[in-house]
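The structure appears right after this line, and notes come after that.
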Amino acid sequence: MTPEYKQDLKAYGLGFFGALVLTALAFAAVWAGLPRTLALWVIGALAIVQAFWQMRYFLHLSLRETPKDRLWLVAFALLVLALMVLGTLWVLFNLQHMVPMQMPE
Amino acid sequence: MSAMTHTAEDRALYGFWVFMMSDLILFGLMFATYGTMLTTWGFASGPEPSELFSMGPVAIETAILLVSSLTFGLATLALKHGQGRGVIALWLVITLALGLGFLAMELRDFAEMAAEGAVPQRSGWLSAFFGLVSLHGLHVAAGCVWIMVMLAQLAVFGPTLDVASRLSRLGLFWHFLDVIWIGIFSVVYLGALA
């Protein structure tokens, strides 16, 4: 086992255990029976942290080492994603409040 | 490795990132649609998420995908550090088995839901659910086929530069699917059971 291999293996191991802990915490928030609103905030925050964690350790995105053009591509995609997802939810939930609708029976 | 090959591989890698980011936006809009369906109107008096989901299966599916991300990482390391095609193939076979196990569990979940009358045409929420979760499942199925193709290429050609370059993109795809699954278990399953 070369030192380089050991170092790479350590990075994957760290990525895996970090993801495992973040996942376990999200499930624990539900199992522990936290109040719903608090649980949703905790789950949402853990999901975002884990997404960046996995991008760092499994997809190997790094602010220092990844080529700049690829980082800009990812950053732009995340911007478009945020605009479209948050925009959709914002507009549609606003419409729901403004348009009188009948409850289906 | 010549300068030409290096540039060609970088270009292919960049192109694959463009594909993944467009795929990410597709998933994002499926998530947004799903979110808008989490209302009384979306449920249309049909079965609701908290009645249909349980923690056990989703915890196991999440664990399977996460472990498969690690085993693919070990295949990538075996390739990078020249451990030979046998070791690379072994980790790929394990990853493939985990992928197929995940799909089997997901199909069982779908069958159980259908048995309770929770089929895609029952309500807007169920249409959005099956659209989003099956889209991810189809990606995993495509990833499994891709692993089989790469196992065949590995057996025929060995770990050549071309094969290594394709495996690195397959690795990105496989890890990407686990990132999408974080969104699915958090929003769809834990969001309903919290």
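The listed protein sequences derive, respectively, from chains A and B.
Heads up, the first sequence is in the numbering used here, so the first residue is 1 and it goes up one at a time.
Heads up, the second sequence is in the numbering used here, so the first residue is 106 and it goes up one at a time.
C-beta: ideal position from N, C-alpha, C; glycine also.
Taking 8 angstroms as the threshold (C-beta atoms), are residue j and residue i in contact?
| i | j | result |
| --- | --- | --- |
| Ala299(B) | Ile48(A) | no |
| Gly69(B) | Met84(A) | Outside the displayed range of chain B (106 to 299) lies residue 69(B), so it cannot be described from this structure. |
| Phe148(B) | Gly276(B) | no |
| Ala194(B) | Leu259(B) | yes |
| Lys185(B) | Asp8(A) | yes |
| Ser245(B) | Leu282(B) | The sequence given here has Val at residue 245(B), not Ser. Closer than 8 angstroms, so yes. |
| Leu208(B) | Gly242(B) | yes |
| Tyr57(A) | Leu22(A) | no |
| Gly140(B) | Leu40(A) | no |
| Arg274(B) | Leu118(B) | yes |
| Ile169(B) | Gly120(B) | no |
| Leu61(A) | Met55(A) | yes |
| Ala77(A) | Ile130(B) | yes |
| Trp279(B) | Thr167(B) | no |
| Thr144(B) | Gln96(A) | yes |
| Met142(B) | Ala223(B) | no |
| Gly248(B) | Phe136(B) | no |
Starting from the Cα of residue i, find the closest Cα among the options and give me that residue.
| i | options | result |
| --- | --- | --- |
| Gly161(B) | Met1(A), Ala24(A), Pro3(A), Asp8(A) | Ala24(A) |
| Phe16(A) | Val74(A), Glu4(A), Leu59(A) | Leu59(A) |
| Phe215(B) | Ala202(B), Ala194(B), Leu231(B), Cys249(B) | Leu231(B) |
| Phe52(A) | Arg36(A), Thr88(A), Trp90(A), Ala75(A) | Ala75(A) |
| Leu171(B) | Leu14(A), Ala45(A), Ala19(A) | Ala19(A) |
| Pro67(A) | Ala137(B), Trp122(B), Gly206(B) | Trp122(B) |
| Trp196(B) | Thr145(B), Arg116(B), Met255(B), Phe262(B) | Met255(B) |
| Ala269(B) | Thr181(B), Ser174(B), Gly140(B) | Thr181(B) |
| Phe221(B) | Tyr139(B), Gly263(B), His280(B), Leu157(B) | With the sequence shown as reference, residue 221(B) is identified as Glu, and Phe is not the correct amino acid for it. The residue with the shortest Cα to Cα distance from Glu221(B) is Leu157(B). |
| Tyr12(A) | Leu175(B), Thr138(B), Val198(B), Pro154(B) | Leu175(B) |
| Arg227(B) | Leu272(B), Ser127(B), Thr141(B), Pro152(B) | Pro152(B) |
| Val284(B) | Tyr139(B), Ser159(B), Met125(B), Val224(B) | Met125(B) |
| Ile199(B) | Thr167(B), Ser173(B), Glu211(B) | Ser173(B) |
| Ala26(A) | Ala45(A), Pro3(A), Leu61(A) | Ala45(A) |
| Leu203(B) | Phe262(B), Met218(B), Ile252(B) | Ile252(B) |
| Ser155(B) | Glu114(B), Met218(B), Thr112(B) | Met218(B) |
| Ser291(B) | Val91(A), Leu92(A), Gln50(A) | Gln50(A) |
Kindly indicate if chain A contains any beta-carbon less than 8 angstroms away from that of residue i.
| i | result |
| --- | --- |
| Asp283(B) | yes |
| Phe136(B) | yes |
| Leu182(B) | yes |
| Thr112(B) | no |
| Ile169(B) | no |
| Trp122(B) | yes |
| Ser291(B) | yes |
| Ile165(B) | no |
| Tyr139(B) | no |
| Gly288(B) | yes |
| Leu298(B) | yes |
| Gly147(B) | no |
| His186(B) | yes |
| His241(B) | no |
With a threshold of 8 angstroms between beta carbons, is residue i in contact with chain B?
| i | result |
| --- | --- |
| Val30(A) | yes |
| Gly18(A) | no |
| Leu89(A) | yes |
| Leu79(A) | no |
| Leu25(A) | no |
| Arg64(A) | no |
| Leu71(A) | no |
With three or more beta-carbon pairs closer than 8 angstroms as the criterion, would you say the stretch 226-237 of chain B touches the stretch 189-196 of chain B? Fewer than three Cβ pairs drawn from the stretch 226-237 of chain B and the stretch 189-196 of chain B lie within less than 8 angstroms of each other, which leaves the two stretches out of contact.
Quick one: which unbroken alpha helix (DSSP H) runs of 4-plus residues sit fully inside the stretch 210-276 of chain B? Chain order, please. At a cut-off of 4 residues, the continuous stretches assigned as alpha helix (DSSP H) that sit fully inside the stretch 210-276 of chain B are 229-262.
Contained alpha helix (DSSP H) runs [length at least 4] in the stretch 29-105 of chain A, N- to C-terminal order: Whole alpha helix (DSSP H) segments, 4+ residues: 36-57, 68-98.
Segments assigned beta strand (DSSP E), at least 3 residues, entirely inside the stretch 125-207 of chain B: As far as the stretch 125-207 of chain B is concerned, it has no whole beta strand (DSSP E) run of at least 3 residues.
Quick check: the stretch 162-179 of chain B against the stretch 281-298 of chain B, are at least 3 beta-carbon pairs closer than 8 angstroms? The stretch 281-298 of chain B vs the stretch 162-179 of chain B: in contact.
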